[in-house]
Amino acid sequence: MTTGEVQALLDGRDDDLADLRDDMTANFARGPGAILLRGLDPAALGEARFASVLARIGGWLGTPAIQSPRGERLARVERRGDDPAARGTHSDLELRPHTDLHDILVLGCFRAAATGGESLLLSARDLYGAMLDEAPQHLPALAKGYYWSTNPALASRQRLRPRLPMLFMPQGGRGAQVAFNGYFLRRAAHERGEDLPPVLAAAIECMEAVAGRLAGRSLFDLMPGDMLFWHNWSWLHGRMPFADRAGHSRLLFRLWIRSALAPRADPGLLELGLRMDEDHRLTAQMGRERP
Numbered sequence: 008m009t010t011g012e013v014q015a016l017l018d019g020r021d022d023d024l025a026d027l028r029d030d031m032t033a034n035f036a037r038g039p040g041a042i043l044l045r046g047l048d049p050a051a052l053g054e055a056r057f058a059s060v061l062a063r064i065g066g067w068l069g070t071p072a073i074q075s076p077r078g079e080r081l082a083r084v085e086r087r088g089d090d091p092a093a094r095g096t097h098s099d100l101e102l103r104p105h106t107d108l109h110d111i112l113v114l115g116c117f118r119a120a121a122t123g124g125e126s127l128l129l130s131a132r133d134l135y136g137a138m139l140d141e142a143p144q145h146l147p148a149l150a151k152g153y154y155w156s157t158n159p160a161l162a163s164r165q166r167l168r169p170r171l172p173m174l175f176m177p178q179g180g181r182g183a184q185v186a187f188n189g190y191f192l193r194r195a196a197h198e199r200g201e202d203l204p205p206v207l208a209a210a211i212e213c214m215e216a217v218a219g220r221l222a223g224r225s226l227f228d229l230m231p232g233d234m235l236f237w238h239n240w241s242w243l244h245g246r247m248p249f250a251d252r253a254g255h256s257r258l259l260f261r262l263w264i265r266s267a268l269a270p271r272a273d274p275g276l277l278e279l280g281l282r283m284d285e286d287h288r289l290t291a292q293m294g295r296e297r298p
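And the structure:
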């Protein structure tokens with residue numbers, strides 16, 4: 008970002024940011040659907056103001072979704088040693104390439120890890136192309152896909168989500184799309200009382216191996232002040248394990264955004280996010296909030 012754009016952001020002068028907003032919306036509507044903004048100094052801003060700026064920019068792209076039964080729309084991504092069951096948001100473990108459940112995802116880096124924690128973005132286009140070259144026999148099973156489930160810590164009126172394609176080339180679309188999260192797929196198989204179909208299990212194993220290899224070429228460091236925005240259905244994301252040290256802990260802020268800017272090639276993709284939002288609301292209503 009230019010010095011003028013940074014100052015306009017800090018002053019709250021959104022009318023002076025039309026060019027930046029246009030660039031970002033065009034990127035998602037017609038471009039690759041991923042953009043990295045640099046220029047802010049988080050140490051000078053402090054946590055609250057940095058998070059506020061991130062949320063304002065995210066609001067240009069759509070509607071931030073709730074991320075917990077507490078109704079948070081901006082989540083802290085940090086290791087929490089007091090949560091032994093912590094999953095990705097609060098752990099320091101590797102996160103292999105996957106997608107989440109909303110249209111656009113946002114990460115703002117307030118503090119990088121002491122060591123490790125490199126991020127990755129892997130395009131569905133590149134993954135599809137590699138599968139087409141190396142293992143095209145698996146693409147029909149991936150296009151047929153499987154069901155999704157939800158986080159068992161949340162209350163839910165209906166734990167099973169409809170069958171969705173995992174890696175596919177939409178008819179008349181801009182390119183390949185992906186919807187893959189091994190955790191929610193395994194939960195769905197458990198809910199259905201079955202193992203994943205052997206043909207699909209073999210396809211997933213191959214896709215994960217290819218994605219892991221490609222991810223090794225797609226690593227980059229999110230530096231303090233960086234704000235990363237990407238279309239969830241066009242890119243898989245992940246990170247490497249990291250370590251904190253006394254007095255220095257990795258801290259990112261995250262947004263999940265529902266947005267009509269970027270294409271959803273299957274109507275069930277919108278339903279995934281809407282049902283997750285409903286599960287968070289229902290959990291709060293039933294008093295089942297968990298850390």
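The sequence shown begins at 8 in our numbering and counts up by one. All C-beta atoms, glycine included, are put in the ideal place defined by N, C-alpha and C. Just so you know, these numbers come straight off a predicted model, no measurement behind them.
In the displayed model, Pro49 falls within a helix according to three-state DSSP.
Judged by DSSP secondary structure, Ala150 falls outside any beta strand (DSSP E) and instead within the alpha helix (DSSP H) spanning 146-151. By a beta-carbon distance limit of 8 Å, Pro159 does not contact Arg193. Their separation comes to about 11 Å. Within a 10 Å sphere around the beta-carbon of Val113 sit 16 or more other beta-carbons, which makes this residue buried. At the C-beta level, Met214 and Met138 come within 9 Å of one another.
Excluding sequence positions up to five before and after Ala218, its CB lies within less than 8 Å of the CB of Arg103, Pro104, Leu129, Leu134, Leu243, all in the same chain and listed in chain order. Phe249 is bridged by DSSP to Gly123.
Per DSSP, the beta-bridge partners of Pro71 are Ile264.
Annotated as distal: Leu171 and Gly65, with beta-carbon spacing of 9 Å or more. For Met138, the enclosing alpha helix (DSSP H) covers residues 131-141. By the 16-neighbour rule on beta-carbons within 10 angstroms, Gln184 is buried. Boundaries of the alpha helix (DSSP H) harbouring Arg37: 25-37, taken from the DSSP string. In this chain, the alpha helix (DSSP H) harbouring Arg194 covers 189-199.
The way I'd put it, the region 9-17 does touch the region 30-48; three or more beta-carbon pairs between them come closer than 8 Å. Residue pairing of Trp237 in beta bridges, as defined by DSSP: Ala41, Leu112. Here the alpha carbon of Phe260 sits roughly 16 Å from the alpha carbon of Asp107.
Counting only residues of its own chain and dropping the five nearest sequence neighbours on each side, Gly245 has a CB closer than 6 Å to the CB of Leu102, Arg103, Pro104, Leu127. Here DSSP, grouped into helix, strand and coil, assigns Pro204 to coil. About 15 Å separates the beta carbons of Arg257 and Ala50, which is beyond the 8 Å limit, so they are not a contact pair.
For Gln184, the three-state secondary structure derived from DSSP is strand. Ala82 has Arg261 as its beta-bridge partners, per DSSP. In terms of Cβ geometry, Gly124 and Pro248 form a close pair [threshold 9 Å]. Scanning its chain for C-beta atoms nearer than 7 Å, with the 5 sequence neighbours on each side dropped, one finds around Asp273 the residues Leu171, Pro172, in chain order. Pairing Gly294 with Glu79, the inter-Cα distance amounts to about 16 Å. Distance from the CA of Phe175 to the CA of Ser241, rounded to the nearest whole angstrom, comes to 11 Å. DSSP places His105 outside any alpha helix (DSSP H); the residue lies instead in the beta strand (DSSP E), whose first and last residues are 102-105. Under the DSSP assignment, Leu161 falls outside any beta strand (DSSP E); it carries neither an H nor an E label.
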